[in-house]
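Below is one structure, written out as structure tokens; the observations come after it.
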Amino acid sequence: MDFRVLGPVLVRDLVLGAGKHRAVLAVLLLEANRAVRIERLVDLLWADQPPERARNLVSGYVSKVRKALADRTGVRLETWRGGYRLVVPPDSVDLYRFRRLVQQARQATGDNAVIAALSEALALWSGPALADVDLPGLAPSVTEALEQERVAAFEDLVDARLRIGADTDLLCRIREAVDAHPFRERLVGQLMTALAQCGRPAEALAAYRRCADALRDELGVAPGTALRALERAVRTDAFAPPATTTPRLRPAQLPADLADFTGRDAELAALIPCEGPLLITGMPGTGKTALAVHWAHRMRERFPDGQLHVDLRGAVTPRQALLRLLDGLGVRPEQGDERALAARFRSTVDGKRLLLLLDGATSTAQVLPLLPGSPSCQVLITSARRLDGLALRCGAKSLRLGGLRSADSVALLQSVLGERALRDPVSVRRLATLCCGLPVAVRAAAVRLAAHPTWPVSHLVDLLADEERWASSLALPEDDASFLASAIQELPDGARSLLGFFGLLPREELGVSALTTLTHRPQRWVEEALAALHDAHFLLETVPGVYRLPTVVRLCARPFLPGREVAEEALERWRYPGVVRLFAVDSA
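Numbers given in my numbering equal positions in the sequence shown, counted from 1, plus 528.
As structure tokens, then:
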């Protein structure tokens, strides 16, 4: 093993000093084979108090690290896309070897193979991760997440050992783990199981009472369903040690994370695991799926029983989705109706710690049958619609996703374009602004520039500045070729028609009365169309009865403008003084 971060930071055959270059190396190893922006290194090294020449200092530390690693075969430190990337064989870093062994164990087909892989993985740890590195800007959650990975691997090892049968050594190791993590119910349950297997049920019940008291006194909660069921089995002498079997199927269905995921720090911090579903909503193109997948990968170690993913876009019925979920859990149900399949799914996941990502939900009715009954499962939902019914029916917590911050849009362009972005930072900032904060538009702009290496960034800026050519100039990837057009096409006829009228006027805020006059339609028709547009995140209600059309929607809605004759009549009505008065009343 050449590089170690699972404990004190060590490099084989190299004496590291205690300076900042050691901390820089630690960060690059944590992000091995991925670019780390200079701004992030500055934040990690000095938090909120960087020195004036912070970037130059980072460059100097990187030079020291590069020189120290110069003679390592297969190792190189690259200047890459506005930052640095340490290229290393993954198995030469203990963290990545640990994760590979854990994944190997979860795919193994026998307890002995599971035990061998996890024992090797856990032996790589020599203390808390990054034990001797000073990184003021490193959130405690980072090292805590690494510790959670270690404990989850230990719990998997204990499960395999318990299937074979507990012994004194295993019992001692579980006790030590419970002392360090008294609120981890899975560990407490394993301690109870080991004690019961050893013929010590009274001690098993005492362990349960200690955990229940601690949870009640310090957290104000009761033990979960699985731990209560285990206590009941031990107390009623109904405990039966699990038979030796192959490890149960642990689904790992999350889509791949974006290697250059950028920004969304506030949104990631707002997504806190809880007993109810988490819902991410927003206009198409805002990166709902990317955020959900990135968050899910960060949280996956909290859900050792697996991660399920279902794409609900299109006409996916709850029954079809339930069949996919059960199949992912290794359950082959006989044909049944939706209610029977939903009940089977809830029974299968009861007490398990699963992460369920429902992507692209179209309605509350589509989602409700897919929700587990067990609070130990976390459900994360993305939808282009508001789905207020989920908050009403099951207490879902909603996060509305807007555009990227300007600085994050620039950083994403720099990450994708690399050195090319550094040659014209002014045009890059202008390009980020023209992309309206939409990650899909930012990436599409980068794809267009990559396809035309002779173009300066300023040339694409000029193309996008022409509103009539905005959407076509982005030359979006095949999956997003129609950008918002397909989502607009799915709107009810009235909503789509009203959107076209909205696009006739240069001002982006209009009220109900003004729109009623402009469209020459009944107020009820206008209100219903506005409600549909608001539900689909195409409009923002700035004050009651007044709505703002985001710039990007106006640009993409140009093909849906009303015909020439209708448009001229509408604009003629708009010129009447009474309409101006109506708009003023709406805005008041």
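C-beta atoms are modelled at their ideal positions from N, C-alpha and C, and glycine is treated no differently.
Note down the Cα distance separating L486 from A1015, rounded to an integer number of angstroms.
Within the shown structure, residues of the chain are numbered from 529 to 1116, placing residue 486 beyond reach of any answer.
Residue environment, G810, which counts as buried when at least 16 other CB atoms sit within 10 Å:
The count along the sequence shown starts at 1 and reaches residue 810 at position 282. Its Cβ being crowded by 16 or more others within 10 Å, G810 is buried.
At the level of alpha carbons, what is the spacing between H1065 and Q632?
Within the sequence shown, residue 1065 is the residue found at index 537, counting from 1. Within the sequence shown, residue 632 is the residue found at index 104, counting from 1. When rounded, the distance between both Cα atoms is 43 Å.
Extent of the continuous alpha helix (DSSP H) to which A563 belongs:
The count along the sequence shown starts at 1 and reaches residue 563 at position 35. From DSSP, A563 is part of no alpha helix (DSSP H); its letter is neither H nor E.
Proximal residues to E1097 (C-beta, below 8 Å), its chain only, five neighbours per side dropped:
Your numbering for residue 1097 matches position 569 in the sequence shown. H1048.
Please classify L950: is it buried, with 16 or more other beta-carbons within 10 angstroms of its beta-carbon, or exposed?
Position 422 of the sequence shown, counted from the first residue, corresponds to residue 950. By the 10 Å Cβ count, L950 comes out exposed.
Under 8 Å: do the segment 739-756 and the segment 905-924 share three or more Cβ pairs, one atom per stretch?
Verdict: no, contact absent.
Flag this pair as yes or no: are the beta carbons of V603 and S591 separated by less than 9 Å?
For the purposes of this step, residue 603 is identified with residue 75 of the sequence shown, where counting begins at 1. For the purposes of this step, residue 591 is identified with residue 63 of the sequence shown, where counting begins at 1. No, the Cβ-Cβ distance between V603 and S591 is not below 9 Å.
So what does DSSP say about S911, is it helix, strand or coil?
On the sequence shown, position 383 is the one that residue 911 refers to. Strand.
In terms of DSSP beta bridges, what is Y1075 paired with?
As a first step, residue 1075 is located in the sequence shown; it is residue number 547 there, counting from the start. Partner(s): L1038 and E1069.
Own chain residues within Cβ distance below 8 Å of R778, not counting five before or after
Here residue 778 is taken as the residue at index 250 of the sequence shown, counted from 1. Answer for R778: R634, P832, D833 and G834, listed in chain order.
Taking the alpha helix (DSSP H) that K595 falls in, what are its first and last residues?
Residue 595 sits at position 67 when you count from the first residue of the sequence shown. For K595, the uninterrupted alpha helix (DSSP H) run begins and ends at A582 to A596, by DSSP.
Do P967 and A893 count as a contact pair if the criterion is CB distance below 9 Å?
Sequence index remark: in the sequence shown, residue 893 carries index 365 (1-based). Sequence index remark: in the sequence shown, residue 967 carries index 439 (1-based). No.
My parser needs the alpha helix (DSSP H) runs of 4 or more residues fully inside the segment 778-822; what are they?
Here the runs fully enclosed are 793-798.
Of the residues C922, A1085, P1050 and R1092, the one placed nearest L1061, counting alpha carbons only
The residue you call residue 1061 lines up with position 533 of the sequence shown. Ranking the options by Cα distance to L1061, first place goes to A1085.
I need the straight-line Cα distance from V838 to L886, nearest angstrom please.
Your numbering for residue 838 matches position 310 in the sequence shown. Your numbering for residue 886 matches position 358 in the sequence shown. Roughly 5 Å separates the two Cα atoms.
Tell me whether the beta-carbon of L854 lies closer than 9 Å to the beta-carbon of R881.
On the sequence shown, position 326 is the one that residue 854 refers to. On the sequence shown, position 353 is the one that residue 881 refers to. Going by C-beta atoms, L854 is not nearer than 9 Å to R881.
Can you give me the C-alpha to C-alpha distance between E1006 and L690, rounded to a whole angstrom?
Position 478 of the sequence shown, counting from 1, holds the residue named residue 1006. Position 162 of the sequence shown, counting from 1, holds the residue named residue 690. The predicted position of E1006 is uncertain, since its pLDDT is 49 and thus under 50; no value can be drawn from it.
Can you check which of these residues, T607, V938 and R625, is closest to R594 by C-alpha distance?
Here the question's residue 594 lines up with position 66 in the sequence shown. If we check each option's Cα against that of R594, T607 comes out closest.
If you follow the beta strand (DSSP E) that S926 is part of, which residue opens it and which one closes it?
Working through the sequence shown from its first residue, we reach residue 926 at position 398. Taken as a continuous stretch (DSSP letters only), the beta strand (DSSP E) holding S926 covers K925 to R928.
Taking the CB atoms as reference points, tell me whether T948 and V989 lie closer together than 9 Å.
For the purposes of this step, residue 948 is identified with residue 420 of the sequence shown, where counting begins at 1. For the purposes of this step, residue 989 is identified with residue 461 of the sequence shown, where counting begins at 1. Per the sequence presented here, residue 948 reads as Arg, with Thr not at that position. No, these two residues do not count as a Cβ contact at 9 Å.
Please report how far the alpha carbon of S587 lies from the alpha carbon of L553, in whole angstroms.
As a working note, residue 587 is residue 59 in the sequence shown. As a working note, residue 553 is residue 25 in the sequence shown. Take the alpha-carbon of S587 and the one of L553: they are about 12 Å apart.
Report yes or no: do three or more beta-carbon pairs, one from the segment 797-805 and one from the segment 917-936, lie closer than 8 Å?
Touching, yes, given that three or more Cβ pairs across the two stretches are closer than 8 Å.
Identify every run of the alpha helix (DSSP H) within the segment 935-993, keeping only runs that are complete inside it and at least 4 residues long; order them along the chain.
Those alpha helix (DSSP H) runs which fall completely within the segment 935-993 and span 4+ residues are 947-950, 953-962, 967-979 and 985-993.
Span of the beta strand (DSSP E), counted from its first residue to its last, around G888:
Here residue 888 refers to the residue found at position 360 when the sequence shown is read from its first residue. L883 to A889 is the span of the beta strand (DSSP E), which, as asked, contains G888.
CB contact flag (L569, G611, <9 Å)
If you number the sequence shown from 1, residue 569 lands on position 41. If you number the sequence shown from 1, residue 611 lands on position 83. Yes, these two residues count as a Cβ contact at 9 Å.
Report the option in Q848, G858 and L884 whose CA atom is closest to the CA atom of A868.
As a working note, residue 868 is residue 340 in the sequence shown. Cα-wise, what sits closest to A868 is Q848.
Quick one: is G727 buried, meaning 16 or more other Cβ sit within 10 Å of its Cβ, or exposed?
Looking up residue 727 in the sequence shown gives position 199. Exposed.
On the DSSP bridge assignment, give the partners of D839 in chain order.
Within the sequence shown, residue 839 is the residue found at index 311, counting from 1. Paired residue(s): D887.
Could you tell me if F711 is buried or exposed, where buried requires 16 or more neighbouring beta carbons within 10 angstroms of its beta carbon?
As a working note, residue 711 is residue 183 in the sequence shown. Counting the other Cβ atoms within 10 Å of the Cβ of F711 gives fewer than 16, which makes it exposed.
Whose CA, out of L758, L1058, T1045 and L1027, lies closest to the CA of F1088?
Start at 1 with the first residue of the sequence shown, and residue 1088 comes out as number 560. Of the listed residues, the one whose Cα sits closest to F1088 is L1027.
Per-residue burial, T721 [other beta carbons within 10 Å of its own, 16 or more giving buried]
Taking the first residue of the sequence shown as 1, we reach residue 721 at position 193. Label assigned to T721: buried.
If we ignore side chains and look at the alpha-carbon of each, how far apart do L918 and T1045 end up?
On the sequence shown, residue 918 is found 390 positions in, with the first residue counted as 1. On the sequence shown, residue 1045 is found 517 positions in, with the first residue counted as 1. One Cα belongs to L918, the other to T1045, and the distance between them is close to 35 Å.
Range of the contiguous beta strand (DSSP E) that encloses L542
Numbered from its first residue, the sequence shown carries residue 542 at position 14. Counting along the chain, L542 sits inside no beta strand (DSSP E), nor does DSSP assign it H or E at all.
For P903, I'd like the list of residues in its chain whose CB is within less than 6 Å of its CB, leaving aside the five on either flank, ordered along the chain.
For the purposes of this step, residue 903 is taken as residue 375 along the sequence shown, with counting starting at 1. So the list reads E803, once near-sequence residues are dropped.
Could you spell out the range, first to last residue, of the beta strand (DSSP E) harbouring G611?
The residue you call residue 611 lines up with position 83 of the sequence shown. Secondary structure note for G611: its beta strand (DSSP E) is the uninterrupted segment G611 to V615.
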